[in-house]
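Asker:
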């Protein structure tokens, strides 16, 4: 079974709402390192927004052979339907990548009504969801490894 020190993990970070997403990314990286993942085995890439995270996750899996991906972003509800389309498309896209590649892709896209809610979830009074999702990806990598018995993708 894989050990955290052997895991290669991708982090995809949306730049849109960067004040939030940078905190999520820091929380994710810090958690992974505390749990034993080597810093050089964490591949972080930035994309313009949450909508682009599924493709980036797929590219990391296919080209960098990561054992799991943490997808991070922040979508804040506005006055149009755009929020609904983005949230639905991103969640479906990330799930599709996870299921078609059989590699954990964990959903760290905040979907909030207000900026205050997002701040609370990016290291504020509700904790850091980036760290929570990084913890989830590690758990799923270990589960996948125990069921498959190897690291092959």
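In the numbering used here, the protein residues as written are 689 to 841.
Beta carbons: idealized from backbone N, C-alpha and C, even for Gly.
Since residue 763 contacts residue 745 with CB under 8 Å, what's their CB separation in whole angstroms?
Answerer: Here the question's residue 763 lines up with position 75 in the chain shown. Here the question's residue 745 lines up with position 57 in the chain shown. Not really, about 16 Å apart at Cβ, beyond 8 Å.
Asker: On the DSSP bridge list, what partners appear for residue 762?
Answerer: If you number the chain shown from 1, residue 762 lands on position 74. Partner(s): 798.
Asker: According to DSSP, is residue 695 helix, strand or coil?
Answerer: As a first step, residue 695 must be located in the chain shown, where it is residue number 7. Note: residue 695 maps to coil in three-state DSSP.
Asker: With H, G and I counted as helix, E and B as strand and the rest as coil, what does DSSP make of residue 781?
Answerer: Residue 781 sits at position 93 when you count from the first residue of the chain shown. DSSP places residue 781 in helix when its eight states are reduced to three.
Asker: So, at 6 Å on beta carbons, what are the nonlocal neighbours of residue 734 in its own chain, with the 5 sequence-adjacent residues on each side left out?
Answerer: Reading the chain shown from its first residue, position 46 is the one you call residue 734. Contacts found: 701, 703.
Asker: Note down the Cα distance separating residue 725 from residue 749, rounded to an integer number of angstroms.
Answerer: For the purposes of this step, residue 725 is taken as residue 37 along the chain shown, with counting starting at 1. For the purposes of this step, residue 749 is taken as residue 61 along the chain shown, with counting starting at 1. Distance between the alpha carbons of residue 725 and residue 749: 17 Å.
Asker: Considering only their Cβ atoms, is the gap separating residue 716 from residue 821 smaller than 8 Å?
Answerer: In the chain shown, the residue the question calls residue 821 occupies position 133. In the chain shown, the residue the question calls residue 716 occupies position 28. Contact flag set, yes.
Asker: Buried or exposed: residue 711, going by 16 or more other Cβ atoms within 10 Å of its Cβ?
Answerer: To locate residue 711, count along the chain shown from 1; it is residue 23. That one is buried.
Asker: Pick out whichever of 743, 773, 787 has its Cα sitting closest to the Cα of residue 799.
Answerer: By 1-based counting over the chain shown, the position of residue 799 is 111. Taking only the C-alpha atoms, the option nearest residue 799 is 773.
Asker: Return helix, strand or coil for residue 837, following the three-state DSSP convention.
Answerer: Here residue 837 refers to the residue found at position 149 when the chain shown is read from its first residue. Annotated three-state conformation of residue 837 is coil, per DSSP.
Asker: Look up residue 735 in the DSSP assignment and say whether it is helix, strand or coil.
Answerer: For the purposes of this step, residue 735 is taken as the residue at position 47 of the chain shown. In the structure shown, residue 735 sits in a strand (DSSP, three-state: E or B).
Asker: Starting from residue 811 and walking both ways along the beta strand (DSSP E), at which residues does that stretch end?
Answerer: The residue labelled residue 811 in the question sits at position 123 within the chain shown. Residues 810–812.
Asker: Which of helix, strand or coil does DSSP assign to residue 754?
Answerer: The count along the chain shown starts at 1 and reaches residue 754 at position 66. DSSP places residue 754 in coil when its eight states are reduced to three.
Asker: Please report the distance separating the alpha-carbon of residue 754 from that of residue 802.
Answerer: The residue given as residue 754 occupies position 66 in the chain shown. The residue given as residue 802 occupies position 114 in the chain shown. Answer to the nearest angstrom: the Cα atoms are 33 Å apart.
Asker: Nearest-angstrom Cα distance between residue 727 and residue 833?
Answerer: As a working note, residue 727 is residue 39 in the chain shown. As a working note, residue 833 is residue 145 in the chain shown. Straight-line Cα distance between these residues: approximately 21 Å.
Asker: Within a Cβ cutoff of 8 Å, which residues of the same chain sit near residue 823, ignoring the five residues on either side of it in sequence?
Answerer: Your numbering for residue 823 matches position 135 in the chain shown. Here the set comprises 719, 723.
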